[in-house]
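Take the position in the sequence shown, starting the count at 1, then add 1; the result is the number in my numbering. By construction, the Cβ of each residue, glycine as well, lies at the ideal position given by its N, Cα and C atoms.
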Amino acid sequence: MGRRDIKKRPVRILVIDDNVDHIELLSSVIEKYFAPVEIHTVESIGDALEFLEQTAYDVVFSECHLGKKSVLNEVPRLKKGAKGAPIVIVTGSGDEELAATAIKRGASEYIVKTRESLGRIPVIVKRYIEGGRPKEDGISLNEDILGEIEGLRAKAANLKKEMDSEGLKALIDKIDRLGELARRIR
2 MGRRDIKKRP
12 VRILVIDDNV
22 DHIELLSSVI
32 EKYFAPVEIH
42 TVESIGDALE
52 FLEQTAYDVV
62 FSECHLGKKS
72 VLNEVPRLKK
82 GAKGAPIVIV
92 TGSGDEELAA
102 TAIKRGASEY
112 IVKTRESLGR
122 IPVIVKRYIE
132 GGRPKEDGIS
142 LNEDILGEIE
152 GLRAKAANLK
162 KEMDSEGLKA
172 LIDKIDRLGE
182 LARRIR
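In structure tokens:
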């Protein structure tokens, strides 16, 4: 979206959440720091995609779970519909795997709902509307890190298999026998 003059038009925020209390809390934090501001709220991905077709938003906030359904599978569609606006996943769960999955699928940020994180919301919005850190830079950096993590996990899994294998056990037994033989020869 690039830089824009905040005075020319309102800051536009889309909030996707099915919890009215969470919507009101997030909205009040944003309204406290930004004027003019337009906050549109929806309760489903389908409604969000319709709003994204009609309006250009500066930031899209989405709850990680709508009802019993995870939003993470829909992040690529949201990202495409948002036309460059950052997708910020907000959740009550501090699960690192969920955060990694959200970033891998195209979310710009993953925020756990805490008192401290509410204070970060205005900073995040301001950074994006003022053309701060390009969204793609953060995503590619996170993808690089996630790739390294996956590589390390694969190596760890292979090492565990090797350690559990009979061949390794036989090798250790052979080394022990050779060590015993070497002690006897002395």
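Can you tell me whether residue i is buried or exposed, with buried defined as 16 or more other CB within 10 angstroms of its CB?
i    : result
R178 : exposed
Y34  : exposed
K80  : buried
D138 : Residue placement at D138 is poorly supported in this model, since its pLDDT is 45, which falls under 50; the coordinates still yield a value, given next. Burial call: exposed.
T115 : exposed
D18  : buried
What residues match up with residue i in a beta bridge as DSSP calls it?
i   : result
L67 : K70
F62 : V16, V89
What number of angstroms, rounded off, separates the C-alpha of residue i from the C-alpha of residue j?
i    : j    : result
I24  : T102 : 24 Å
G120 : L27  : 10 Å
I90  : A157 : 30 Å
D96  : A36  : 33 Å
V61  : E117 : 20 Å
S94  : V113 : 6 Å
R78  : K162 : 38 Å
G180 : D174 : 10 Å
N20  : R10  : 28 Å
G107 : G82  : 12 Å
Relative to the C-alpha of residue i, which candidate in the options has its C-alpha closest?
i   : options              : result
V43 : A57, S29, L67        : L67
S63 : P123, A49, P11, E32  : A49
I46 : T92, R10, L73        : L73
P87 : K170, Y58, N159      : Y58
V12 : R128, C65, E98, Y111 : R128
Counting only runs that start and end within the segment 94-139, where is the beta strand (DSSP E) found for 3 or more residues in a row? Correct list: 110-113.
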